[in-house]
Amino acid sequence: MAAVKKTLSIDCVGKPTREINAFIRQAADDGVPVVELLNPQARHNLGVCVLKPIHIVIRGHVGYYAAGLSDHITVEIHGSAGWGVGDNLMHGEVVVHGNAATSAAPSIRGGTVVVKGDAGPRSGISLKSGLLVVGGNSGYMTGFMMQKGRIVVCGNTAKALGDSMYQGSIFIGGSIEELGSGCEIVVPEADELDDILKTLDHYQIKAPKAFRKIRSDKSLWNFNKHDFAAWKDVL
Amino acid sequence: MKPPLRPPTYSGVWHPNAIDEIQEKAELGRYQIRGQATKRHDLPSLDDLVFTPAGLSRMALEGYREKCDTRVTIGEGRVKRPLVLERPIMIAGMSFGALSINAKRALAIAATRCGISTCTGEGGMHPEERQYSDKLVVQYLPSRYGTTPYDLKKADMIEIGAGQGAKPGTGGVLLGLKMSDEVAAMRDLPPGVDQRSGCRHPDWMGVDDLYMKLEELREVTNYEVPISIKVGAARIANDVKLAAKADVDAIVFDGMEGGTAASPTIQLDHAGIPTVAAIAEAAEALYEMGKKEEIKLIVGGGIKNGADAAKCIALGADIVYMGTAPMIALNCHKPIYQEDYERLGTTPYECQHCHTGLCPVGITTQLPKLIARLDVEEAAQRVENFLNAMTMELQLFARSCGKNKVSDLDPNDMRALTRDVSLMTGVPMVGLNGRTPMWAKY
């Protein structure tokens, strides 16, 4: 049996996205442990639908939906990411060393997405499981309609934080410009904080002094005539 | 002595319906919610068009003998595995959750026997749905409930949901009684919660984003199956042009007569445009883009029979999309279990209580005792019979107009009964045929 190469590299310049992704999937099929993408030039849809374990190192910025709809992969993005990084991730890990644009980790169903810099609006929107960690600040509507899972933001968050979240929890280290509808601030449990600090340490992200926890207050779970004040913004 | 009977003098403005509506809001403190579709009686409709079959100027085809092709293909020449439908009919997206599992099974079995597709609707692909449905469209919706790359890869077509005719501009609603443990688990929601889905996708906004999203989904399917986008008929010409620009394989829309599991009643009655008005606008937009042949137009919203379907196709649709009619074939509105209709405060034919989850005939419910009322095989047979009858009706109009393909029906095969529909569709008024009336010459 031929030895499997430890790392395969592909230069993205001049190659269609379809060819680059097919190269990654083939490498995963062949049991190659690491694929390195050079010169991604903010290309959209890199690393989409890779469903077998492989480690992908991307040397530069990526566009929309990097590592989207994938499973069992680990990805390092040595740059910033466009909209929807890690879209619908099932299991695995995506680490963005720069910033992430709108809707980081949308609707992920598992795994971990880490943004070491800042994240744009609607980070962790419709999160269905898994973990989103933002080392810096996060934009408005972070955790909008979140269903399950955990979001950790070490910096500040903009308006409508956690708006209409069903379940799950959001931990904020910095300021909260405005809480969204249907959620409340509570004191985190000691084991939750312990877990978060271990995670931040693992990703070499400096932990803030303290965290506040946001969770659903369940006021929007069911239509209720007595809660018009809460409903008027969200109906 | 009794006073003499006299007809009620209801106000046109403060009609009993308006009074009931205000008093219900006064009681509930929220808007009314109802299932199915608008109850308006005053919409321009496909009934305002009639066919003008062959006579001396054109030869008809033998109704029971000569072939009349009904096959239509989505994505031909564009993707590796185009979706071939034996008839120009698709079962519209209706979720497991909105419908019972028995209803989903029966629709899938009937559609497979007829060589047409069903659609998952919101809430993910139920494991049995793929098993029973030979041609399955997987909806990709703002909520992304149950969305996985594995299920998307099993699709015969992906339909990106961006709106629906019953309630354009709003997201899905599924009230708590239908949020059973199984439905909730598939959607990652707490059981019993009133689900209100997002109206926008979480990770794209405009058509330029949509182009990137399409590429992502094509990567998932290895560019093998068609991808459509669905909107509610509202700003239809612009929406069609933008979808065509994004390079979808098919555009689906339903007019304001389209059905839904639950919607604010006021939205059902006051948003969107009627199906008949939207078709010509949509078809014209595709012609303007030079994509009418390439991109299929799928039209829904109040399609009841083969005449409606034939008229849609003659106006420019390639395929009709039906949800409510197959549900009625399943048994919806059937005058059985009358005591349960009464318990809901309604009667068969006017029911539309899908939102309550207490469907007397076991279609729009998640309660096991009600679901058991819908026998899957018998229900599938009824839907198959209905689809067969409807296909024969479609062929009847095509043959009578001298066409050996249903897709060859065109606006010149029809006349409009009303000026309004003539103006909307460009179909000439009956009796005029575009000329000056005879009496005007004298």
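One line per chain: the protein sequences are A and B, in this order.
For the first sequence, our numbering gives the first residue as 626, with consecutive numbering after it.
For the second sequence, our numbering gives the first residue as 82, with consecutive numbering after it.
For glycine and all other residues, C-beta sits at the position ideal for the given N, C-alpha and C.
| Residue ranges of each beta strand (DSSP E) run of no fewer than 3 residues wholly in the segment 283 to 371 of chain B, ordered along the chain? | The qualifying runs are 308 to 313, 331 to 335 and 341 to 345.
| task | Identify each residue in the segment 636 to 670 of chain A for which the Cβ-Cβ distance to at least one residue of chain B is less than 8 Å, and report them in chain order. | result | Thr642, Arg643, Asn646, His669 and Asn670
| query | For A/Glu661, which beta-bridge partners are listed by DSSP? | reply | A/Ser634 and A/Val682
| query | Exposed or buried, A/Gly764, counting other C-beta atoms within 10 Å across all chains shown (16 or more means buried)? | reply | buried
| message | Restricting to runs no shorter than 4 residues, where is the alpha helix (DSSP H) found entirely within the segment 472 to 514 of chain B? | response | Listed in chain order, the complete alpha helix (DSSP H) runs (minimum 4 residues) inside the segment 472 to 514 of chain B are 500 to 506.
| Can you find a CB in chain B that lies within less than 8 Å of the CB of A/Asn847? | So yes, A/Asn847 belongs to the interface.
| field | Every unbroken beta strand (DSSP E) within the segment 150 to 189 of chain B, with a cutoff of 3 residues, ordered by chain | value | 153 to 155, 164 to 166 and 170 to 174
| Beta bridge counterpart(s) of A/Ser763 as assigned by DSSP | A/Ala744 and A/Thr782
| query | Hey, B/Ser488 and B/Asp350: beta-carbon distance below 8 Å or not? | reply | no
| Whole-Å CB distance - B/Asp330 paired with B/Ser309, under 8 Å assumed | 6 Å
| task | Compute the distance between the beta-carbons of B/Ser181 and B/Ile409, then report whether it is under 8 Å. | result | No; because the gap between Cβ atoms is not below 8 Å, this pair is not in contact.
| message | Between B/Gln419 and chain A, is the shortest Cβ-Cβ distance under 8 Å, so that the two count as touching? | response | no
| said: Check whether chain B comes within 8 Å of A/Arg840, counting only Cβ atoms and requiring the distance to be less than that. | reply: no
| request: List the residues of chain B that A/Arg747 touches, going by C-beta distances under 7 Å, in chain order. | output: Per Cβ cutoff of 7 Å: Pro283.
| query | Distance, Cα to Cα, B/Val511 vs B/Ile317? | reply | 27 Å
| said: For the pair the segment 675 to 682 of chain A and the segment 213 to 225 of chain B, tell me if three or more CB-CB distances fall below 8 Å. | reply: no
| query | Any idea which residues DSSP pairs B/Leu109 with across the strands? | reply | Paired residues: none, contrary to the question.
| query | Exposed or buried, which one is B/His282 when buried takes at least 16 other CB atoms within 10 Å? | reply | Per the 10 Å Cβ criterion, buried.
| request: State buried or exposed for A/Trp846, treating a residue as buried only when at least 16 other CB atoms are found within 10 Å of its CB. | output: Buried, by the Cβ-count rule.
| request: List the whole-angstrom C-beta distance separating A/Gly709 from B/Asp284, where the pair is believed to meet the contact cut-off of C-beta under 8 Å. | output: Yes, A/Gly709 and B/Asp284 are in contact; Cβ-Cβ is about 4 Å, under 8 Å.
| field | Limits of the alpha helix (DSSP H) - the one that B/Ile409 falls within | value | Thr405 to Leu411
| Per-residue burial, A/Asp636 [other beta carbons within 10 Å of its own, 16 or more giving buried] | exposed
| query | Along chain B, which residues have their Cβ under 9 Å away from the Cβ of A/Tyr791? | reply | Per Cβ cutoff of 9 Å: Asp269, Leu270, Pro271, Val274 and Gln276.
| message | Rounding to the nearest angstrom, what Cα-Cα distance links B/Val357 and B/Ala314 in this structure? | response | Approximately 10 Å, taken between the alpha carbons.
| field | Enclosing alpha helix (DSSP H) for A/Gln651 [first to last residue] | value | Thr642 to Asp654
| request: Closer than 9 Å by beta-carbon distance: list the chain A residues that pair up with B/Thr229, in chain order. | output: Near B/Thr229 (Cβ distances below 9 Å), the residues of chain A are Leu694, Asp696, Asn713, Met715 and Arg734.
| query | Which term fits A/Asp858, buried or exposed, when burial requires 16 or more other beta carbons within 10 angstroms of its beta carbon? | reply | Unreliable positioning characterises A/Asp858 in this predicted model, as indicated by a pLDDT of 49, which lies under 50. The coordinate reading is nonetheless provided below. Flag for A/Asp858 reads exposed.
| task | Report the option in B/Cys195, B/Gln276, B/Leu256 and B/Lys161 whose CA atom is closest to the CA atom of B/Met538. | result | Any question about residue 538 of chain B goes unanswered here, given that chain B covers just 82 to 523.
| Between the C-alpha atoms of B/Gly382 and B/Leu258, what's the straight-line distance to the nearest angstrom? | 26 Å
| field | Boundaries (first-last residue) of the beta strand (DSSP E) holding A/Ile839 | value | Arg837 to Ser841
| query | Among the residues of its own chain, which have a CB less than 8 Å from the CB of A/Leu860, if the five just before and after it don't count? | reply | Residue confidence for A/Leu860 is low, a pLDDT of 38 falling below 50, so the modelled location carries little weight; the figure read from the coordinates is stated next. Nothing meets the Cβ criterion.
| Where do the N-terminal and C-terminal ends of the alpha helix (DSSP H) with B/Ile394 fall, by residue? | Gly387 to Leu396 is the extent of the alpha helix (DSSP H) around B/Ile394.
| message | Just to confirm the assignment, what range does the beta strand (DSSP E) spanning B/Tyr221 have? | response | Leu217 to Tyr221
| task | Just the C-alpha distance for B/Ala497 and B/Arg152, rounded to the nearest angstrom, thanks. | result | 27 Å
| field | Assumed close pair B/Ala327, B/Leu291 - CB separation to whole angstroms, cut-off 8 Å | value | 5 Å
| task | Give the residues of chain A in contact with B/Gly257, contact being defined as C-beta atoms less than 7 Å apart. | result | Asn847
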